[in-house]
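There are 2 protein chains.
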Amino acid sequence: MSKVKETSTNFENKKILGEECSEVYAANIIGGQWALVICSWLLKGKMRFGELKKAIPNITERMLTLQLRKLEKNKIITRTVYAEVPPRVEYELTKIGYELGPVIRQMEQWGERHKKLQ
Amino acid sequence: MSKVKETSTNFENKKILGEECSEVYAANIIGGQWALVICSWLLKGKMRFGELKKAIPNITERMLTLQLRKLEKNKIITRTVYAEVPPRVEYELTKIGYELGPVIRQMEQWGERHKKLQ
DNA sequence: CTCATTACTTACCTTTTTTATAGTACCATA
DNA sequence: TATGGTACTATAAAAAAGGTAAGTAATGAG
């Protein structure tokens, strides 16, 4: 997270592969330890920072912030700040964010089926 | 890749989250830089190690081996070795592996749509 | 004997991601 | 004056993932 070295082979590979395969492109966006869980919760409706923190077990504030920033940068969520004290910030999926629904549901279903094999 | 520390917080979090959310469980399995591309190719039919290497730009033999091993361990692919010289090894999706088709297609479609927004 | 072919393995290193911990600003309330 | 709540930020360190380069085994062809 944070900063990526734009001269690394790894960065190059991700880019090239993402350009060629849209599924890899998607994975680059919704990848990362917590992104999917955050999106799953937000599919049910907008949430505040603190609510997400409570909802997601063990996530640190830093990781939550980083992932939310990444999702925001990629236009998956919007961030609304209310000028109040104490502060209130709400996160909500964008249109394309909500369109992740089918993706997540497919993964969920596949995951369920795979679990049964173990 | 290679070894994960089973005492790390990261390992714990992945486990807990994977147990609760099947979509995260799925992501843990088909995550990694190259897993999705490999599966995409194999959806078209079985392939040899060398064919995959040629098909996937820039992948190193080490990464290809590691990812194939991980996929095999998770029962997504089968590995068939023919006792010939030079060696011949074929990789093929298992039943549950082929069932990744819909997942990958959804991700692909979503990726396409997201790309258009940029 | 030497070389080519195939599918790896190994050792080491860099980059990226994740975790841990502490600290900040704001103002209302006690 | 001290405290509390909210949503962060900063810094450092640990862990995981990925990359580079060299080496291996078996054997048939030349």
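Sequence lines, in order, name chains A and B. Heads up: the first sequence at position 1 corresponds to 1 in full-length UniProt numbering, and the numbers run straight through without jumps. Heads up: the second sequence at position 56 corresponds to 56 in full-length UniProt numbering, and the numbers run straight through without jumps. For every residue, glycine included, the Cβ atom is placed at its ideal position computed from N, Cα and C. Note that this is a predicted model, so its numbers are computed, not measured.
Item	Value
Let me confirm a value: A:Lys70 is counted as buried when at least 16 other C-beta atoms fall within 10 Å, else exposed. Which label applies?	buried
For A:Trp41 versus A:Ala55, is the C-beta distance shorter than 8 angstroms?	yes
With a Cβ-Cβ cutoff of 8 angstroms, do A:Cys39 and A:Ile76 count as a contact?	yes
I need the DSSP call for B:Met1, collapsed to helix, strand or coil.	Its pLDDT being 48, under 50, B:Met1 is placed unreliably in this model, and the value from its coordinates should be taken loosely. Coil, per DSSP.
Could you tell me which chain A residues have their CB closer than 7 angstroms to the CB of B:Arg113, listed as they occur along the chain?	Ile96, Glu99
Between the C-alpha atoms of B:Gln33 and B:Glu112, what's the straight-line distance to the nearest angstrom?	19 angstroms
How many Å lie between B:Thr60 and A:Gly45 at the Cα?	42 angstroms
Take B:Asn10 as the anchor and find which of A:Gln109, A:Pro57, A:Val103 has the nearest alpha-carbon.	A:Pro57
Using only the alpha-carbon positions, how far apart do B:Met1 and A:Glu92 sit?	Residue confidence for B:Met1 is low, a pLDDT of 48 falling below 50, so the modelled location carries little weight and cannot support an answer.
For B:Val85, report the span of its alpha helix (DSSP H) as first-last.	Unbroken run through B:Val85: none, as it is neither H nor E.
DSSP state of A:Leu66, grouped into three classes?	helix
For the stretch 70-88 of chain A, which residues have a CB atom closer than 9 angstroms to at least one CB atom of chain B, in sequence order?	Asn74, Lys75, Ile76
Helix, strand or coil for B:Leu93, going by three-state DSSP, please let me know.	strand
Is there contact between the stretch 102-110 of chain A and the stretch 97-105 of chain B, where contact requires at least three CB pairs shorter than 8 angstroms?	yes
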